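First up is the structure itself, then whatever we jot down about it.
Residue numbers (the working numbering): 2 to 313.
In structure tokens, the structure reads:
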């Protein structure tokens, strides 16, 4: 082969490889012209203590690997955080955070375009116990009385302290996180303490609010379930546009330190009628989310749920 032909051949091979790399990245992380918003908008709604930190970390590192901008972030608070969130909806392909804080009559995303939402939910009792055994440090926004930490040196039994934690703080956290935007003053992103609590199911309009929440969740592009982690990652692969090349590589982390005490408290909580009454709304919401998850995995992955199985 003449030298000039060899050079041309090498250039063609190199161009082919580069084109594959670019397509592989841009398929999931579409770029647009400078000064224009990205071609899509994907929002991850972070339900605390449900594997969300792992999902956010994956979105961060995948964005960096794809050469794209850092994902936008929307968290509770005012001032700069509100402006940061608005900017994220104007300029970011991926937005992460407590997204339902923003769903108001005039949502912040209306300044740009419709976004596709995805999330992960966890069984409410497991989530409660995980939160109870998560012990925030002084700089953590979730700082709370020491007795509400499962491993605290306290004269009260851990089960009594868990019950108090559930009654006075945690309550129906999934329901609360999904209704923030309905009760936060317009144009703000509120802390939990600043938001009027959504009515319980036994209160006036409680069932109407739950129906609104279910309608919102039904519109999510993907609803994952932490107890079905691997299948949830496959669902995200099939339905979520993001810089993540393969969600199947996502390893669940921050599961908490196993201990005999934690196992005992978890079993007690699952068996406790009082805990179930306290978390009745979240249990209903979780059951509804699970039905969405099963429908989506059946449609997108061909999952067979007959007989209680989940064979793909």
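We put the beta carbon where it would ideally sit given N, CA and C, even for glycine.
Please read all numbers here as calculations on a predicted model, not as lab measurements.
Quiz item: By how many angstroms is the C-alpha of residue 121 removed from the C-alpha of residue 47?
Solution: As a position in the chain shown, residue 47 is number 46, starting the count at 1. As a position in the chain shown, residue 121 is number 120, starting the count at 1. The alpha-carbon atoms of residue 47 and residue 121 are separated by roughly 7 Å.
Self-check item: Own chain residues within Cβ distance below 8 Å of residue 170, not counting five before or after
Solution: Looking up residue 170 in the chain shown gives position 169. Counting only Cβ-Cβ distances below 8 Å, and skipping sequence neighbours, we find 145 and 149.
Quiz item: Whose C-beta lies closer than 8 Å to the C-beta of residue 302 among residues of the same chain, with five residues either side of it excluded?
Solution: Sequence index remark: in the chain shown, residue 302 carries index 301 (1-based). So the list reads 232, 235, 236, 239 and 313, once near-sequence residues are dropped.
Quiz prompt | Cβ contact check for the segment 274-281 and the segment 257-266: 3 or more pairs under 8 Å | solution = In short, these stretches do not touch, since the Cβ pair count stays below three.
Exercise. Work out the CA separation of residue 67 and residue 13 for me, nearest whole Å.
Key: Looking up residue 13 in the chain shown gives position 12. Looking up residue 67 in the chain shown gives position 66. At residue 13, the pLDDT of 37 sits below 50, so the modelled position is not reliable; the number obtained from the coordinates is stated separately. Distance between the alpha carbons of residue 13 and residue 67: 23 Å.
Quiz prompt | Cut-off 7 Å between Cβ atoms - residues of its own chain near residue 160, not counting five sequence neighbours on either side | solution = Counted from its first residue, the chain shown places residue 160 at position 159. Exclusion of the five residues before and after residue 160 leaves 266 and 269 as the residues of its chain whose Cβ lies within less than 7 Å of its Cβ.
Exercise. Ignoring anything shorter than 4 residues or poking outside the segment 116-182, list the alpha helix (DSSP H) runs there in chain order.
Key: 125-133 and 159-166
Practice problem: Throw me the rounded Cβ distance for the residue 92 and residue 74 pair, which I believe falls under 8 Å. | Solution: As a working mapping, residue 92 is identified with position 91 in the chain shown. As a working mapping, residue 74 is identified with position 73 in the chain shown. Not confirmed; about 12 Å, so no contact.
Self-check item: the segment 170-179 in contact with the segment 121-134 per 3-pair CB rule at 8 Å
Solution: yes
Quiz item: How big is the Cα-Cα spacing for residue 64 and residue 58?
Solution: Within the chain shown, residue 64 is the residue found at index 63, counting from 1. Within the chain shown, residue 58 is the residue found at index 57, counting from 1. Their backbone Cα atoms lie some 10 Å apart in a straight line.
Quiz prompt | residue 119 versus residue 229 - alpha carbon distance | solution = Start at 1 with the first residue of the chain shown, and residue 119 comes out as number 118. Start at 1 with the first residue of the chain shown, and residue 229 comes out as number 228. Approximately 15 Å between the Cα atoms of the pair.
Quiz item: Is DSSP giving residue 42 helix, strand or coil here?
Solution: Here residue 42 is taken as the residue at index 41 of the chain shown, counted from 1. Looking at residue 42 - three-state DSSP - the assignment turns out to be coil, as it is neither helix nor strand.
Quiz item: My guess is that residue 177 and residue 199 are in contact by the Cβ rule of under 8 Å, so how many angstroms apart are they, rounded?
Solution: Within the chain shown, the letter at position 176 stands for residue 177. Within the chain shown, the letter at position 198 stands for residue 199. Going by Cβ atoms, the distance from residue 177 to residue 199 rounds to 7 Å, so yes, they are a contact pair.
Quiz item: DSSP three-state call for residue 225: helix, strand or coil?
Solution: One-based indexing of the chain shown puts residue 225 at position 224. Residue state for residue 225 is assigned as strand, using DSSP reduced to three classes.
Self-check item: Delimiting residues of the alpha helix (DSSP H) encompassing residue 54
Solution: Along the chain shown, read from residue 1 onward, the residue named residue 54 stands at position 53. Unbroken alpha helix (DSSP H) run through residue 54: 53-66.
Quiz item: According to the neighbour-count rule (16 or more other Cβ atoms, all chains shown, within 10 Å of its Cβ), is residue 316 buried or exposed?
Solution: Nothing can be reported for residue 316, as the shown portion of the chain is limited to 2 through 313.
Quiz item: How big is the Cα-Cα spacing for residue 124 and residue 167?
Solution: Working through the chain shown from its first residue, we reach residue 124 at position 123. Working through the chain shown from its first residue, we reach residue 167 at position 166. For residue 124 and residue 167, the distance between alpha carbons rounds to 15 Å.
Quiz item: In or out: residue 243 buried (at least 16 other Cβ within 10 Å) or exposed?
Solution: Locating residue 243 in the chain shown gives position 242, where the first residue counts as 1. Flag for residue 243 reads buried.
Quiz item: From residue 69 to residue 49, what does the alpha carbon distance come to, in whole angstroms?
Solution: Residue 69 sits at position 68 when you count from the first residue of the chain shown. Residue 49 sits at position 48 when you count from the first residue of the chain shown. Distance between the alpha carbons of residue 69 and residue 49: 26 Å.
Practice problem: Check the DSSP bridge columns for residue 98 and list the partner residues they point to. | Solution: Sequence index remark: in the chain shown, residue 98 carries index 97 (1-based). Answer by DSSP bridge pairing, in chain order: 46 and 75.
Quiz prompt | Exposure of residue 219, with buried meaning 16 or more beta-carbon neighbours within 10 Å | solution = As a working note, residue 219 is residue 218 in the chain shown. Exposed.
Quiz prompt | From 60, 214, 294 and 226, residue whose alpha carbon lies closest to that of residue 282 | solution = The residue given as residue 282 occupies position 281 in the chain shown. Out of 60, 214, 294 and 226, 214 has the C-alpha closest to the C-alpha of residue 282.
Self-check item: Short Cβ contact (7 Å threshold) for residue 43 with residue 117
Solution: Residue mapping note: residue 43 aligns to position 42 of the chain shown, counting from 1. Residue mapping note: residue 117 aligns to position 116 of the chain shown, counting from 1. Going by C-beta atoms, residue 43 is nearer than 7 Å to residue 117.
Quiz item: Would residue 212 be called buried (16 or more neighbouring beta carbons within 10 Å of its own) or exposed?
Solution: Stepping through the chain shown from its first residue, residue 212 is reached at position 211. Classification for residue 212: exposed.
Exercise. Taking residue 234 as part of the alpha helix (DSSP H), name the residues at either end of that continuous run.
Key: As a position in the chain shown, residue 234 is number 233, starting the count at 1. Taken as a continuous stretch (DSSP letters only), the alpha helix (DSSP H) holding residue 234 covers 230-240.
Quiz prompt | Continuous alpha helix (DSSP H) stretch holding residue 269: start and end | solution = Your numbering for residue 269 matches position 268 in the chain shown. Unbroken alpha helix (DSSP H) run through residue 269: 261-272.
Quiz item: I think residue 245 touches residue 60, with their Cβ atoms under 8 Å apart; what is that distance to the nearest whole Å?
Solution: Taking the chain shown and counting its residues from 1, one reaches residue 245 at position 244. Taking the chain shown and counting its residues from 1, one reaches residue 60 at position 59. The Cβ separation is near 7 Å, so the contact holds.
Quiz item: By DSSP, does residue 250 sit in helix, in strand, or in coil?
Solution: Here residue 250 refers to the residue found at position 249 of the chain shown. Residue 250: helix per DSSP, three-state reduction.
Quiz item: Any idea what DSSP makes of residue 31, helix, strand or coil?
Solution: As a position in the chain shown, residue 31 is number 30, starting the count at 1. With a pLDDT of only 46 at residue 31, under the threshold of 50, the placement of this residue in the model should not be trusted; the figure read from the coordinates follows. Coil.
Quiz item: Where do the ends of the alpha helix (DSSP H) carrying residue 207 lie?
Solution: Indexing the chain shown from 1 puts residue 207 at position 206. Residues 207-219.
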